[in-house]
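Chains as they are written, first to last, in this note's numbering: chain A, 474 to 1069; chain B, 39 to 168; chain C, 1384 to 1973.
Quick reminder that beta carbons are idealized off the backbone N, C-alpha and C, glycines included.
For clarity, every value in this text was computed on a predicted model and none was experimentally measured.
Here the structure comes first, spelled out in structure tokens, and everything after it is commentary.
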Amino acid sequence: MADYKMHILVCGGTGCRASQSDKIVETFKTELEMHGLDDEVKVVATGCFGFCEKGPIVKIIPDNTFYVQAGVVDVKDIVEEHIIKGRPLKRLLYHDPATKSQVTDTAHIDFYKKQVRIALRNCGFINPENIEEYIARDGYAALGSVLEMKPSEATQMVKDSGLRGRGGGGFPTGLKWEITAKEKSDQKYVVCNADEGDPGAFMDRSILEGDPHSVIEAMAICGYCIGAGKGLVYIRAEYPLAINRLKIALNQAREFGLLGNDILGSGFDFDIDIRYGAGAFVCGEETALIHSMEGYRGEPTVKPPFPSVSGYLGKPTNVNNVETFANIPVIFNKGVEWFKSIGTENSRGTKVFALAGKVNNVGLIEVPMGITLREVIFDIGGGIRGGKKFKAVQTGGPSGGCLTEQHLDTPIDYDNLIAVGSMMGSGGMIVMDEDDCMVSIAKFYLEFTLDESCGKCTPCRIGNKRLHEILVKITSGNGIEEDIERLRVLGNVIKETSLCGLGQTSPNPVLSTLDNFYDEYLAHVNDKKCPAGQCKDLVHYEINANACTGCTLCFRNCPVGAISGEKKMPHYIDQSLCIKCGVCFEKCRFKAISIV
Amino acid sequence: MKIKTLADLKKIKAEVQEKIKLREQGENAGNIVQVKVAMATCGIASGAKETMSFIIEELDFRGIDAVVTQTGCMGYCYAEPTIEVTLPGKDPVVYGYVDREKARQIIDEYIVKGELVDGIIPVNYKTIDE
Amino acid sequence: MDKIELTIDNKTVEVSKGTTILEAAKTIGVHIPTLCHMKLHDMGIENKPGGCRVCVVEVEGRRNLAPACVTEALNGMKINTHSMRVVNARRTVTELIISDHPYECLTCAKAGNCELQQLAQDLGIREIHYEGEKSVYREDTSPAIIRDLDKCIMCRRCEMMCNEVQTVGVLSAINRGFQAVVSPPFEQNLDHSVCTYCGQCVAVCPTGALTEVDHTPAVIRALSDPSKTVIVQTAPAVRAALGEAFGLEPGTLVTGKMAAALRRLGFDFVFDTDFAADLTIMEEGTELLGRLSRHLEGDETVKLPILTSCCPAWVNFFEHQFPDLKDIPSSAKSPQQMFGAIAKTYFADKQKIDRKELVVVSIMPCVAKKYECSREEFSVDGNPDVDYALTTRELAALIKLANIDFHVLPDEEFDHPLGESTGAGVIFGATGGVIEAAVRTAYELYTKKSLPRLDFEELRGMEGIREATIDFDGLPIKIGIAHGLGNARKLLEDIQSGKSQFHAIEIMSCPGGCIGGGGQPYHRSNSSILKKRQMAIYSEDKMKILRKSHENPYIIKLYEEFLGKPMSEKAHHLLHTNYFDRSTIFEQED
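Structure (structure tokens):
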């Protein structure tokens, strides 16, 4: 085994690397060598600790001391004090702002961990194809205890927990169950909505791939609570691995008698079938989803009647999303009070986000409600890629809005996000930096909506098309100021008159960017300029004659022969030929080409 | 096997936990290395399958007593493929960007010698048990 | 029924629980504009996808606007139907619809009858603020129906009629978003689908997206060709609806004015399909009696019930969907085709003209008749028995084109010999009429007794499926009636499963029978119009001196002079047809 007695972990996450973690590693190595410790202590660069705000982070193993904001200058002290003398360096320990005390690691080893994994508790831990591993981690224990309760008692627990739908709407889950439970019918259905469609969001897929039994168990619990004997998972056909693991899990659950007749000797019968979706975004809307399952065109219908009254095949149907279900067993295993202790007053528990865009640590994260966008983006996400400036973050996917710098310290929960003009949605979170043109971003999201609108109602079918056309007009430099007002008027009408959630929220990216980046719209319209330099029709490339060395690299790479110039002499771009592909800009080694 | 009662369920849970404990702390545990490979769609797309089969072959070739299993997404999409290595008696360590080369390095240095290797992803979340 | 109380435009209104806002508003004279919504009251036909969003209203406390047509009125609701917010939204939505609609109102077949045009007018739309790309689709022309989908506004009424009412299942929404449109499967043309051409989609289309194939230019050409003798036949349901096209009250009978107008249009002879209806009864009634007596004699090969075969869409329907039943319907041709066959033989001989010089035009309440007259088996050496079938609407257009003031026309009679008819022929136009006419004749032929009564109220009505037993002097004859192909399907399935047993069944494809045909003046989802037409039909029957087909002197003469007797060889050759299994025609093609 190892000769090393100690390891020094230096955060090598991109965020920390920007704060010189590379140099810290080097300095540690030299320092250790000087003291002849390089055979006993090994320096290791790690990935991100998710605490970039206090980076660079240095952690000493095995004593688990956690140093924050450790600079190159501190290396010498760490080696001499801590490594050699064994005395932790107090000034580099984390000061808990709440208790004003220094956190020594032995006490609160997890203080820097911003994430809490409830829905993702088993993802990455268990083998999803082995039911025993799930059972070993309390699997089906919740179902077991629920089956010893009255359905109404169990439902009340879900209600008390404050769990709200994680698919986007945020409707109180327990209340939904209660409403469906009250309906009288010979047959009821539990439907799991696994038709994840937000661009960039994939938490439902991950849960089904990593922990399918948690969903199965929760559906059975739900079935018991509402009086349903049948469950259906509506899953995108594009999720083959999730489907496969779900099938394996269903078979194992049946084999173990955890699905089927007389589950755990309780007399309760429940089984689950899979229904495949063809990948239409609108089928995430529960009425459209039900129509799709029934074999009809996946179109929403007006509510009421709600599915809880008349759903699949006209029977009372409770539809919850994958992530919502994944929370259920934990509520029973850990208790309502425990669950309520996480999150905020009106939004209990955690939310899984698919963090994407211009952040360093793109990934699937689960955070307690009430965490700020800043913590998510700058700590867990490791900040903006390439050290660029943060510009906006889109939550709620194409239904959400763009939030800005001023919203960074808003605690994330259902109500706060709506209050600032966005929404929780299913948990897509896309970060944008200074290079992103907000008009183009709005256009991008609208393109998605255009593709995914079912076409049933006028505002969504034609209104969004017109909205998009106006945006195209603006980004191509043909907009007039009146167009900006049109966007707002039309956007609001679409919001107010569309049939389903898709249409009602589709103008949000436009309306929120209008609110937060009005100047950017004005620049496009009045000055015919794209401040972010993204709108091709509004920019052109120029070669700065003073900086150009005449290396001919741009000349050789230009695909349309728009660049001319003698060797070792400044080059020129013929604007009438230039197609603004940007190759010259990327190739130039002398920063002689600029986007104007 | 049908679980007929809640008591049965609890019994099975205890049995499985015992089995896992044996694997981790039993008489042979001293030699058993556990490797979990994140095999969700994102991981597989980044090459987790290749990584996993390489690790299995390599550990087998070297005669290292190990259990290599698949698991779901660990959440570190930026660093796929990711694997978690648990050495006997030690805390699990997660590594990111594990291609063949990285996997070989992890086996060479961490699994064989117990030396940590660059590219550890620190656990940055709390679990429900904390 | 529980009552609830709410406020609409500051007026308190009390309605039954379950009433929509739209209906509640109507009770106090508040007319909320609608577009996609359509309801044929009492007929169980309703289209309310809540898709057009024209009927949105403001409900106090609600975040967004509510579509009045599908939102249930709730106790204590406070509704404003014309606030700034509502009017702005309603006009914007309408502008959006128009922005994706061709500006062809001047030349559109639906001009003046277009519900979108009316809406734009009512809302005072003078400018479209959201011009942009318009959807463009390939035009689809079939033998009977033209689909011009550029004009489709996705109200889905046609889809509802085709699927829910008719259960034909040809039209359905396809594609997504801006490209969404209603289409037959795989975007094939209608003539490559199992479309029956019933025309109910045309009857309910609010715009010009679905119209009938226009045969008027061909008819005008024939009328102005001096070498041709052009004769016309008018179906019973036409006279009960044509007046509507000239602003007359629905239910006004215009038989005499219609004959006068046709004569002024230049038709050489103005005849009546009712004559052929009487002829149909002679053949079909005889066939029924023949099958019935064989059945009573214990012949097990005989097929009962006998199904009527007057309705061409119904014929298409069973040829496509119930081919195993193709031996059950009466082999008698429809009145339109019987008329054509007799006109181009018996009448042409009388006039001493070649059938090629004789042009037979029919005026039908129907779109499928256009297809029927083009069927190959209804022609001789390529010359069709009926050359052109015009709808009631096309006739109205022709009359207007010929500068005829319909209102001042005198009442005129039909010509002889093919213009005389009995009341039995007239009632063909309403659901239950064919079977009632058949009963009047079959009873007397079978019992050799005179009917004690002529009005069989038990066979009349608007209910989708009706059953009655008529006493044939001790022999109970079980009769079934269905109108609307969905009802026909139900009836057929009950027969197939052995659940129901009948001796005779009348089936009409259109709700209400021919009076509700796809070629009639647009009812604009006002089902009371259908009822008024029905009453008109029965009143004409009542006014007739002769009310039994076998008493029509010209029919008697036709048999004496030409056909011999019903079901004779000649009759068989001219007046009967056979049906084809067309359930797999598309599979064979591919």
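Here the alpha carbons of A:Glu-669 and B:Asn-162 stand approximately 26 Å from one another. With a threshold of 9 Å between beta carbons, B:Leu-154 makes contact with chain A.
If you draw a straight line from the Cα of A:Gly-843 to the Cα of C:Glu-1455, it comes to about 38 Å. For the segment 1571–1597 of chain C, no residue has a beta-carbon sitting nearer than 9 Å to a beta-carbon of chain A. Ranked by how close their Cα comes to the Cα of A:Gly-873, the residues A:Thr-500, A:Glu-848, A:Gly-974 have A:Gly-974 in first place. A:Glu-942: member of the alpha helix (DSSP H) spanning 937–948, first to last residue. With fewer than 16 other Cβ atoms from the protein chains shown falling within 10 Å of its own Cβ, C:Thr-1490 counts as exposed. Listed along chain A are Glu-605, Glu-606, Ile-608, Ala-609, each with a C-beta nearer than 8 Å to that of B:Val-54. In this chain, the beta strand (DSSP E) harbouring A:His-480 covers 479–484. Counting along the chain, C:Ser-1566 sits inside the beta strand (DSSP E) bounded by residues 1564–1566. Between C:Asn-1558 and chain A, the shortest Cβ-Cβ separation is below 9 Å. Membership of A:Gly-683 in the alpha helix (DSSP H) is indicated by the continuous run 676–683. Interface flag for A:Ala-518 against chain B is set, since a Cβ pair is found closer than 9 Å. Restricting attention to beta strand (DSSP E) runs no shorter than 3 residues, the segment 72–136 of chain B encloses them at 104–109, 121–124, 131–133, ordered along the chain.
By alpha-carbon distance to C:Gly-1560, the top candidate from A:Gly-612, A:Cys-665, A:Phe-754 is A:Phe-754.
No Cβ-Cβ contact shorter than 9 Å links A:Gly-808 with B:Tyr-114. Here DSSP, grouped into helix, strand and coil, assigns A:Arg-594 to coil. The C-beta of A:Leu-1050 has fewer than 16 other C-beta atoms within 10 Å across all chains shown, which makes the residue exposed. Cα atoms of A:Thr-1025 and B:Ser-91: separation of roughly 48 Å, rounded to the nearest angstrom.
In this structure, the alpha-carbon of B:Asp-167 lies about 10 Å from that of A:Arg-610.
The DSSP-derived three-state label of A:Met-905 is strand. The DSSP-derived three-state label of A:Gly-704 is strand.
For A:Ala-627, the CB contacts under 6 Å within the same chain, skipping 5 residues up- and downstream, are Val-619, Cys-698 in chain order. Comparing alpha-carbon positions, the option among A:Leu-719, A:Met-896, A:Glu-839 lying closest to B:Thr-165 turns out to be A:Glu-839. The three-state reading of DSSP puts C:Thr-1475 in helix, counting H, G and I together. Just so you know, the alpha carbons of B:Ala-52 and B:Ile-58 end up roughly 10 Å apart. Look at B:Lys-57 here: in three-state DSSP terms it is helix. By the CB criterion at 9 Å, C:Thr-1617 and C:Gly-1626 fall outside the cutoff. For C:Gly-1863, the pairing in a beta bridge is given by DSSP as C:Glu-1850, C:Ile-1888. Interface annotation, A:Ser-679: in contact with chain B, CB-CB separation under 9 Å. In the structure shown, A:Leu-876 adopts extended strand secondary structure according to DSSP, grouped into three states.
Using beta-carbon distances, A:Ile-935 counts as an interface residue toward chain C, with a partner under 9 Å.
In the three-state reduction of the DSSP assignment, A:Gly-787 falls in the helix class, which pools H, G and I. Per DSSP, the unbroken beta strand (DSSP E) holding C:Arg-1530 starts and ends at 1528–1530. Note that the C-beta distance between A:Ile-943 and A:Leu-923 is not below 9 Å. For C:Leu-1389, the enclosing beta strand (DSSP E) stretches over residues 1386–1391.
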